[in-house]
Amino acid sequence: MNIAEWLATAARLHPAAPALLEGTEVRADYATFARRAAAIAANLRTTYDVQPGDRVALFLGNSTQYLEAFYGIWWAGAVAVPINAKLHGMEAAWICANSGAKLAFVDSDTLVTLGEARANDADPIVLLDTDSAAFSALYDATATGSPVVREIDDLAWLFYTSGTTGRPKGVMLSNGNLVSMSLCYLADVDSVEQRDAAVYAAPLSHGAGLYNFIHVRHAARHVIPASGGFDADEVLDLGRALGSVSMFCAPTMVNRLVAAAKARGENGEGLKTIVYGGAPMYLDDIKAAMTVLGPRFIQIYGQGESPMTITSLPRALHVDRDNPRYIERLSSVGIAQSAVSVRITDDEGRPLPPGEVGEVEAKGPPVMLGYWNNPEATRETIVDGWLRTGDVGKLDEDGFLTLSDRSKDVIISGGTNIYPREVEEALLTHPAIREVSVIGVPDPEWGENVVAYVVVESGAQFDEKIFDAHCLARIARFKRPKRYVQLDELPKSNYGKILKTALREMSARAEQR
Numbered sequence: 346m347n348i349a350e351w352l353a354t355a356a357r358l359h360p361a362a363p364a365l366l367e368g369t370e371v372r373a374d375y376a377t378f379a380r381r382a383a384a385i386a387a388n389l390r391t392t393y394d395v396q397p398g399d400r401v402a403l404f405l406g407n408s409t410q411y412l413e414a415f416y417g418i419w420w421a422g423a424v425a426v427p428i429n430a431k432l433h434g435m436e437a438a439w440i441c442a443n444s445g446a447k448l449a450f451v452d453s454d455t456l457v458t459l460g461e462a463r464a465n466d467a468d469p470i471v472l473l474d475t476d477s478a479a480f481s482a483l484y485d486a487t488a489t490g491s492p493v494v495r496e497i498d499d500l501a502w503l504f505y506t507s508g509t510t511g512r513p514k515g516v517m518l519s520n521g522n523l524v525s526m527s528l529c530y531l532a533d534v535d536s537v538e539q540r541d542a543a544v545y546a547a548p549l550s551h552g553a554g555l556y557n558f559i560h561v562r563h564a565a566r567h568v569i570p571a572s573g574g575f576d577a578d579e580v581l582d583l584g585r586a587l588g589s590v591s592m593f594c595a596p597t598m599v600n601r602l603v604a605a606a607k608a609r610g611e612n613g614e615g616l617k618t619i620v621y622g623g624a625p626m627y628l629d630d631i632k633a634a635m636t637v638l639g640p641r642f643i644q645i646y647g648q649g650e651s652p653m654t655i656t657s658l659p660r661a662l663h664v665d666r667d668n669p670r671y672i673e674r675l676s677s678v679g680i681a682q683s684a685v686s687v688r689i690t691d692d693e694g695r696p697l698p699p700g701e702v703g704e705v706e707a708k709g710p711p712v713m714l715g716y717w718n719n720p721e722a723t724r725e726t727i728v729d730g731w732l733r734t735g736d737v738g739k740l741d742e743d744g745f746l747t748l749s750d751r752s753k754d755v756i757i758s759g760g761t762n763i764y765p766r767e768v769e770e771a772l773l774t775h776p777a778i779r780e781v782s783v784i785g786v787p788d789p790e791w792g793e794n795v796v797a798y799v800v801v802e803s804g805a806q807f808d809e810k811i812f813d814a815h816c817l818a819r820i821a822r823f824k825r826p827k828r829y830v831q832l833d834e835l836p837k838s839n840y841g842k843i844l845k846t847a848l849r850e851m852s853a854r855a856e857q858r
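Counting in my numbering, the final residue of the sequence shown is number 858, and the numbers go up one at a time with none missing.
Structural data, given as structure tokens:
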């Protein structure tokens, strides 16, 4: 089974349905989308000798050409290697080399940086600019009728992790992984209809891009914002203009969208669904989001290794205020998705009962094949079929999963585990604090001390004593920060995740002074 067959089917059944849009302008219907993908596939084979199983990288910003190239790669039976366009050229070059990519689709912004980074590379790679006449010429190839036949377990998507603890690892996702993930969307996240519009405001190289499949299957619209990325006002405008808009957002994007809607006096008209995940969503933030935008929110928890598919907190549970455990459930990441089993284990890998805190593990068809050319890391991460996520959490008796932190982020002070998120949740209820991130710093007596990096609201006062009193009124004394550090902004990744690694480096440099 080749995932590109979904596009071929959509084009046969709904050839005139609008497929690819830039803003509100239709750039291709489904017949055109499929014809272009097939033509790109033909040219990849005849001009660039790309064979089934070969890797083809995509290092470019969001565009309709990105989706055409995606499906051209799969139509040819090759493997897509999407790379975040915000990475440094050297980082992208390393991924191209590690994956053995034969060709890389780039754009005018990434062409130079990747070309310079690979200038001294011994392994040749073709850089094909999607803004160039050479790319447009791909459309002119004689297209084959059907996608190359592939097996369900054949590799389709090679996703590289963020590499916060060293070089990124290539997560191998098969056609079957992608199909299972997509069907979980229908069962556990949301319905999809042909009139829907999937807006790609987050990078296509990651979570947002993974949701394209189920929207292709239903011949829905795929919308690239004119800005090419996320602009809260633009998203609100697209919702009003297009209607039935669905999108994936990191929590930071949700907060910006809420602020924009509030400033405009709007309630998100035309926005059907906002799926959020990828980083912690704090309780006060999601409550504020629902107050402004209403019941449009669904939370998912997943990893690249089980893409978008470990648990989900559906729309109905976001608004089930009559449930006596409503707040507890709203603070969770939901229940296991349909194709996945979830458990909590101790340090020895033994399953723990409900209410006990340990490592989150997941098992099921969406879980990756393993890491590319890294059997040792695969053996460490997948044990007896269970994916060791590295996340810490607990399950309640109803199966709701509440995350604490990444295992590497847990602070051990005086022999006691302290979960940064619990401290962050407490601090964020103070009106002067806009953002906060908590880390542990080495201490000769206690092992680690809790330190909070704080961004205050504009015009607010930074006052450690006030923050400390606020904490002491909400959490145990031993959990409260021993020190507060004011920052203008917290360091974040390209996807909006707060980088605790950068805060640890900042702390270490301060100690050396």
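All C-beta atoms in this analysis are idealised placements derived from N, C-alpha and C, irrespective of residue type, glycine included.
Would you decide whether residue i is buried or exposed? Buried here means 16 or more other CB atoms lie within 10 Å of its CB.
i      : result
Val861 : Limits of the chain in this structure are 346 at one end and 858 at the other, which puts residue 861 out of reach.
Met435 : exposed
Val457 : exposed
Phe504 : buried
Lys810 : exposed
Glu461 : exposed
Arg766 : buried
Thr455 : buried
Thr656 : buried
Gly744 : exposed
Gly515 : buried
Phe415 : buried
Phe823 : exposed
Asp736 : buried
Thr636 : exposed
Glu802 : exposed
Asn557 : buried
From this set, the options, which residue's C-alpha is nearest residue i's C-alpha?
i      : options                           : result
Ala384 : Trp419, Ala577, Thr369 and Phe404 : Trp419
Val599 : Asp630, Leu473, Asp582 and Ile497 : Asp630
Leu459 : Val705, Cys816, Ala442 and Ala438 : Ala438
Gly610 : Tyr484, Asp578 and Leu817         : Asp578
Val590 : Thr377, Ala805 and Pro570         : Pro570
Ser477 : Val451, Ala586, Ala486 and Val494 : Val451
Phe642 : Lys632, Ser651 and Pro787         : Lys632
Pro596 : Ala488, Ile645 and Glu721         : Ile645
His359 : Val712, Arg495 and Tyr375         : Tyr375
Pro652 : Val799, Glu790, Glu538 and Trp502 : Trp502
Glu673 : Tyr716, Asp741 and Val687         : Asp741
Gly692 : Ala818, Val705 and Lys837         : The question names Gly, but residue 692 is Asp in the sequence shown. The residue with the shortest Cα to Cα distance from Asp692 is Val705.
Pro397 : Gly552, Ala805 and Met346         : Met346
Would you list the residues sitting across from residue i in a DSSP beta bridge?
i      : result
Gly515 : Tyr505
Pro787 : Glu793
Asp292 : Nothing about residue 292 can be read from this structure; the chain reaches only from 346 to 858.
Gly703 : Gly738
Tyr798 : Ser782 and Val830
Lys837 : Ile843
Roughly how many angstroms separate the alpha carbons of residue i and residue j, rounded to a whole number?
i      : j      : result
Gly647 : Lys842 : 14 Å
Leu365 : Asn429 : 21 Å
Gly623 : Tyr545 : 15 Å
Asp533 : Val685 : 11 Å
Thr690 : Pro699 : 11 Å
Pro710 : Asn520 : 11 Å
Gly694 : Arg854 : 36 Å
Thr510 : Ala777 : In this prediction, Thr510 has a pLDDT of 47, which is less than 50 and means its spatial position is unreliable; what the coordinates show is noted afterwards. The alpha-carbon atoms of Thr510 and Ala777 are separated by roughly 33 Å.
Thr734 : Leu748 : 11 Å
Val524 : Asp535 : 16 Å
Ala386 : Leu555 : 20 Å
Thr487 : Arg357 : 18 Å
Thr392 : Leu473 : 12 Å
Glu793 : Met626 : 26 Å
Arg400 : Ala446 : 5 Å
Cys594 : Arg660 : 15 Å
Leu844 : Leu697 : 30 Å
Pro492 : Glu350 : 6 Å
Ser550 : Ala379 : 20 Å
Where do the N-terminal and C-terminal ends of the alpha helix (DSSP H) with residue i fall, by residue?
i      : result
Gly554 : Gly552 to Leu555
His295 : In the structure as shown, the chain starts at 346 and stops at 858, and residue 295 therefore has no counterpart that could be examined.
Ala847 : Lys845 to Gln857
Ile672 : Tyr671 to Leu675
Ile440 : Gly434 to Ser444
Ends of the beta strand (DSSP E) at residue i?
i      : result
Ile631 : Element bounds for Ile631: not the beta strand (DSSP E) but the alpha helix (DSSP H), Leu628 to Leu638.
Gly647 : Phe642 to Gln648
Ser527 : Looking at the DSSP string, Ser527 is not in any beta strand (DSSP E); the run it does join, the alpha helix (DSSP H), is Asn520 to Cys529.
Phe404 : Arg400 to Phe404
So with Cβ pairs under 8 Å, would you call residue i a contact of chain D?
i      : result
Arg512 : Annotation note: the requested chain D is absent from the structure, which comprises a single protein chain.
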